[in-house]
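Here the sequence shown stands for residues 3 to 153, where the numbers follow my numbering. Beta carbons are placed, not taken as given, at the ideal position from N, Cα and C, and that holds for glycine. These notes are about the structure you will find just below.
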Amino acid sequence: MRTPLVAVFATLLFTLNAGCAEEASQARIEVLFTGHNPVGIPDISSVVKFDADERPSLAAYDNRSVAHPDFYTVHDFLIDWNDGYRLEFSFYDGLGYSVDAILGVRSEFVADCWFWATHLNGVAMETGISTTAVASGDVVTFVYTDCSTGA
């Protein structure tokens, strides 16, 4: 019995495409409260899948008539991750966006002086979330940090 030509072609096409299918990029996000958590939320560690060719934060830049970098940024990564985590951002001319709050825990520079320090692969970021690239396999960490001690 002969196999219909259409079935052979479909099997061949499926086999070829299976080898070419691209897996989504993924990186890990960690949110560490360093023992100072006014709302009692435990530290967070989760994997975020993303498409490095997309720019989920682009609308925020377009709304301000500011160019978005031509790469996937920490800001894009946060937008992909934000699933009820109540992220809040501020924009500063010439500097870009910064993280004000995660899960309602806000940076506070007046009273207790705490802020969200950002690390990429264990190293403090020297650039902001608007201009730091994220690649598959990276670990992006937000550490609630005491301004007075740096820890």
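Touch test, the segment 51-64 against the segment 116-124, Cβ-Cβ under 8 Å, three pairs minimum: The segment 51-64 is not in contact with the segment 116-124.
Contact under 8 Å by Cβ, ILE156 with VAL101: As shown, the chain starts at 3 and ends at 153. That puts residue 156 outside it, with no answer to give.
Closest Cα partner of GLY136 within the set VAL41, GLY106, ARG57: In the sequence as displayed, the identity of residue 136 is Val instead of Gly. Each of VAL41, GLY106, ARG57 was checked against the Cα of VAL136, and the nearest Cα belongs to ARG57.
Cutoff 6 Å; reference ILE46; Cβ partners in own chain excluding five residues on either side: Excluding sequence neighbours, ILE46 sits near VAL33.
Own chain residues within Cβ distance below 6 Å of LEU105, not counting five before or after: For LEU105, where only same-chain residues beyond five positions count, the Cβ hits under 6 Å are ILE43, TYR87, ARG88.
Backbone secondary structure at ALA26 - three-state DSSP: In the structure shown, ALA26 sits in coil (DSSP, three-state: anything other than H, G, I, E or B).
Inter-residue CB distance, SER92 and THR75 (contact presumed, cutoff 8 Å): Contact doesn't hold; Cβ gap of about 16 Å is too wide.
Residue range of the beta strand (DSSP E) that includes ALA119: Its beta strand (DSSP E) spans residues 116-122.
Contact under 8 Å by Cβ, VAL107 with ALA29: The Cβ atoms of VAL107 and ALA29 do not sit closer than 8 Å to each other.
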